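J.: Here it is, the structure, as structure tokens.
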Amino acid sequence: MSFNDLERGTGSPSSDDIRYKNLSKNISQQVFNITSNVANIQRLVSHLGTTKDTPELRTKLHTITERTRELVKETSGNIKQLSHFQSTSGQNRKLEQQKLSKDFQKTLVEFQRVQRLSAEKQREYVDKAKAHNVRNDIYEEDSGVAEEQPLIDDSQRHKLQVLDNEIEYNESLIAEREGEIREIEQGINELNEIFRDLGTLVTEQQSMLDNIESNVTNIAVNVRNATDELTVASRYQKKARKNMCCLLLIFTIVGLVVVLAALA
């Protein structure tokens, strides 16, 4: 590091500066990844309730949703950690932290929106499946079971068995979808907690920015006041010197007059 660097304060970055820069880059990348995941979730959710709604699709949707939730938690922790860094360039860093927090908030809004849409479509499926099972139950009751109607033919018995299997299968799917809905609701509640924490953090960051701006303004005012005082003091000094010179000149003239009078 050169002497000129020391004078300008532009020497090698400190370890804190390096950690801060790496952490902020990591957060930016995480926000980008969340945004990308949300777009994929949106695409998968759009297929729910359609012919493309398969177990494989729901497994993929579940996996990417859980991965995104974990990523959201990690990013939230990193943003909190970033806010604890101290810096000589306070205002610039606070502005950067505030931008990262707001970008993160925007991705959370979208993530929460697609989760609610997913839960809504899952509920629609559950309602339809339950209604279908009810209709099958009514059909079974109307048809009767083999023990109660010995004259039932093999074809009817086969239909009843198929209905039993279908009802059992639908019930397992309903239980699975209801479990997914509970997970989504839990994830939405977790997002609400993160939203509250982020809201508090952004408010604190804004307060710090306001304090920094206020301090900068106060310093500028103090500098102007000090400059004005120095200007006034300089004027007084000039006047004092002028008055002193006048007095010296008067004393000199008086002295000369006295000396000349004595010689005469």
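Residue numbers for the sequence shown, in the UniProt record's numbering: 1 to 264.
All C-beta atoms in this analysis are idealised placements derived from N, C-alpha and C, irrespective of residue type, glycine included.
These figures come from a predicted structure and were not determined experimentally.
#1: Give the secondary structure of K52 by DSSP, where H, G and I count as helix, E and B as strand, and everything else as coil.
#2: Taking the CB atoms as reference points, tell me whether L191 and Q112 lie closer together than 7 Å.
#3: Quick check on G9: buried or exposed, where buried means 16 or more other Cβ atoms within 10 Å of its Cβ?
#4: If you compare alpha carbons, which of Q29, I174, V126, L247 is closest to K79?
#5: Determine the burial state of F104: buried for a count of at least 16 other Cβ atoms within 10 Å of its Cβ, exposed for fewer.
#6: Applying the criterion that 16 or more other CB atoms from any shown protein chain within 10 Å of the CB defines a buried residue, is L6 buried or exposed?
#7: Taking all protein chains shown into account, decide if S76 is buried (16 or more other Cβ within 10 angstroms of its Cβ) or exposed.
#8: For a test of the three-state rule: what should DSSP assign to S46, helix, strand or coil?
#9: Kindly list the residues whose CB is nearer than 7 Å to the CB of Q81, restricted to its own chain and excluding five residues on each side of it in sequence; keep chain order.
#10: Check F32 in the structure and name its three-state DSSP category.
#11: By Cβ distance below 7 Å, which residues in the same chain neighbour N33 in space, the five residues on each side in sequence not counted?
#12: For R177, is the beta carbon positioned less than 6 Å from some heavy atom of the ligand SAH?
#13: Return the Cβ separation of G187 and Q115 in integer angstroms, given the expectation that the two are a contact with Cβ distance under 8 Å.
#14: With DSSP run on the structure shown, which of helix, strand or coil describes F195?
#15: Taking 7 Å as the threshold (C-beta atoms), are N37 and I18 in contact?
#16: Identify, in the order they occur along the chain, each residue of the same chain with its Cβ nearer than 8 Å to the Cβ of T68, setting aside the five sequence neighbours on each side.
#17: Apply the 10 Å Cβ neighbour rule to E124 and answer buried if 16 or more other Cβ atoms are within range, or exposed otherwise.
#18: By how many angstroms is the C-alpha of L173 removed from the C-alpha of P55?
#19: Assign E180 to one of two classes, buried (16 or more other C-beta atoms within 10 Å of its C-beta) or exposed (fewer than that).
#20: What residues in its chain sit with their C-beta under 7 Å from that of E147, if we drop five residues either side in the sequence?
T.: This is what the structure holds:
#1: The count along the sequence shown starts at 1 and reaches residue 52 at position 52. It is coil, neither helix nor strand.
#2: Numbered from 1 along the sequence shown, position 191 holds the residue referred to as residue 191. Numbered from 1 along the sequence shown, position 112 holds the residue referred to as residue 112. Contact annotation: L191 and Q112 have beta-carbon atoms nearer than 7 Å.
#3: Along the sequence shown, read from residue 1 onward, the residue named residue 9 stands at position 9. The predicted model places G9 with a pLDDT of 48, which falls under 50 and marks its position as unreliable, so this point remains unresolved.
#4: On the sequence shown, residue 79 is found 79 positions in, with the first residue counted as 1. Before going on, a small fix: residue 79 reads as Ile here, not Lys. Among Q29, I174, V126, L247, the Cα nearest to that of I79 is on Q29.
#5: In the sequence shown, residue 104 corresponds to position 104, counting from 1. In the assembly as shown, F104 is a buried residue. Its beta-carbon has 16 or more other beta-carbons within 10 Å.
#6: Reading the sequence shown from its first residue, position 6 is the one you call residue 6. Because L6 sits at a pLDDT of 44, beneath the cut-off of 50, its placement in the model cannot be relied upon, and the following sentence gives the value as read from the coordinates. Here L6 is exposed. Its C-beta has fewer than 16 other C-beta atoms within 10 Å.
#7: Taking the sequence shown and counting its residues from 1, one reaches residue 76 at position 76. Here S76 is buried: its Cβ has 16 or more other Cβ atoms, across all protein chains shown, within 10 Å.
#8: Translated into positions along the sequence shown, residue 46 becomes position 46. In the three-state DSSP reduction, S46 falls in the coil class, being neither helix nor strand.
#9: Taking the sequence shown and counting its residues from 1, the one referred to as residue 81 is at position 81. Around Q81: L23.
#10: Your numbering for residue 32 matches position 32 in the sequence shown. Looking at F32 - three-state DSSP - the assignment turns out to be helix.
#11: As a working note, residue 33 is residue 33 in the sequence shown. Once the five neighbours on either side are set aside, the close Cβ partners of N33 are L71.
#12: Among the components of this structure there are no ligands whatsoever, and the ligand SAH is therefore not found.
#13: Here the question's residue 187 lines up with position 187 in the sequence shown. Here the question's residue 115 lines up with position 115 in the sequence shown. Right, the Cβ-Cβ distance comes to about 6 Å (below 8 Å), so this counts as a contact.
#14: As a working mapping, residue 195 is identified with position 195 in the sequence shown. Per DSSP, reduced to three states, the secondary structure at F195 is helical.
#15: Here residue 18 corresponds to residue number 18 of the sequence shown, with the count starting at 1. Here residue 37 corresponds to residue number 37 of the sequence shown, with the count starting at 1. The answer is no: Cβ separation not under 7 Å.
#16: As a first step, residue 68 must be located in the sequence shown, where it is residue number 68. Its chain contains I34, N37, V38, I41, F111 as the residues whose beta carbon lies nearer than 8 Å to that of T68, once the 5 sequence neighbours on both sides are disregarded; these appear in chain order.
#17: The residue labelled residue 124 in the question sits at position 124 within the sequence shown. Result: exposed.
#18: Residue 55 sits at position 55 when you count from the first residue of the sequence shown. Residue 173 sits at position 173 when you count from the first residue of the sequence shown. If I take the Cα positions, the gap works out to 10 Å.
#19: Taking the sequence shown and counting its residues from 1, the one referred to as residue 180 is at position 180. By the neighbour-count rule (16 or more Cβ atoms within 10 Å), E180 is buried.
#20: Taking the sequence shown and counting its residues from 1, one reaches residue 147 at position 147. Because E147 carries a pLDDT of 47, less than 50, the predicted location of this residue cannot be relied on, and the following value inherits that uncertainty. Within the same chain, E147 has no close Cβ partners at all.
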